[in-house]
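Note that our numbering has the sequence shown beginning at 187, numbered continuously upward. Ideal Cβ positions, reconstructed from N, Cα and C, are used throughout, including at glycine.
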Amino acid sequence: MARRKKQDEEAQENINNESDDSFGLPEVEYEPLNREEPEVVVERETIYTQPEPEPEPIKEEYIREEEIPEEPEPEYTPIAPSYTEEDDEPSVWPKVLLAIILLALVGGGAWYYFVYRPKQEQKAELAKKELEEREALEARKEADRLAALKREEDEKRRADSLATLKPAAGTIETLSERTGRYYVVIASAIDDDLIKDHANKLSKAGVTAWIIPPFGKTKFSRLAIDYKENYAEAQTTADGLKGGDYGNDIWVVKY
């Protein structure tokens, strides 16, 4: 209300002032703007609360301490469990596995020392024996080869030496003394003339012949066409001549 009164007073003053300032112009009715704002009514709610009861004082009660007799503690006797868990029992598989490993080791060792090793030693012994036999055989072959080579060389030397002693081919030689050689005889006769005639025929054919006079208990003269330093070679030559131009009556005589 005070605001409205104040506004009216201000409007009146303005009218008076405007009359002074109208400068002789016609008056105009002036209506002031209503600047009143609606009043806001604020309602207040009163809340009544009941007072909380005051706490009663706690009386301290005196309790007389009485001696309480101590009870003996019960003795604890462990009770064996009536059941056994499978997890508590030790597993038998490690023992079985260990036993299998030990048996395998023992069996392997026995097999090695009593089967494998003796076989290997036997094989080594057989191989050694075969090697020794092979070496001995090779040594014998080498010795035989050297001996044959030596014989060939000896025969060659004898042939070279005899070449100077043998007469030219187609000649006839009558022996007058023993030589120690082995002669290949192709004929014999009591008559020396028959032996000489046969020797002449051979000489004409280019064959060298040796006439062996009777010696010892025999009274026959012999006709030879070859000689050797030992009986074996002479017999080999005689066997080679059999069945040829001289027939089969060919033999060896040492003179």
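In the pairwise beta carbon analysis, the stretch 371-389 is classified as touching the stretch 398-406: at least three pairs are separated by under 8 Å.
Exclusion of the five residues before and after G356 leaves S389 and G392 as the residues of its chain whose Cβ lies within less than 6 Å of its Cβ. Straight across, the Cα-Cα distance linking P304 with A310 is about 10 Å. When secondary structure is reduced to three states using DSSP, T357 falls in the coil class, being assigned neither helix nor strand. The Cβ neighbour count for R343, taken over all protein chains shown within 10 Å, is under 16; the residue is labelled exposed. At a Cβ-Cβ threshold of 7 Å, A410 and V371 count as neighbours. Under the DSSP assignment, V301 falls outside any alpha helix (DSSP H); it carries neither an H nor an E label.
Beta-bridge partners assigned by DSSP to G293: none are found. For I436, no alpha helix (DSSP H) encloses it, and the DSSP letter there is neither H nor E.
Around the CB of K414, 16 or more other CB atoms lie within 10 Å, so the residue is classed as buried.
Close CB contacts of D412 within its chain, under the 6 Å cut and outside five residues either way in sequence, are with V370 and T423 (chain order). Nearest C-alpha to Y441 among G293, K327, E321 and R367: R367. Contact between S407 and I436 does not hold, since the beta-carbon distance rounds to 16 Å and is not under 8 Å. In the structure shown, A375 falls within a strand segment according to DSSP collapsed to helix, strand and coil.
For A420, the enclosing alpha helix (DSSP H) has its first and last residue at Y417 to L427.
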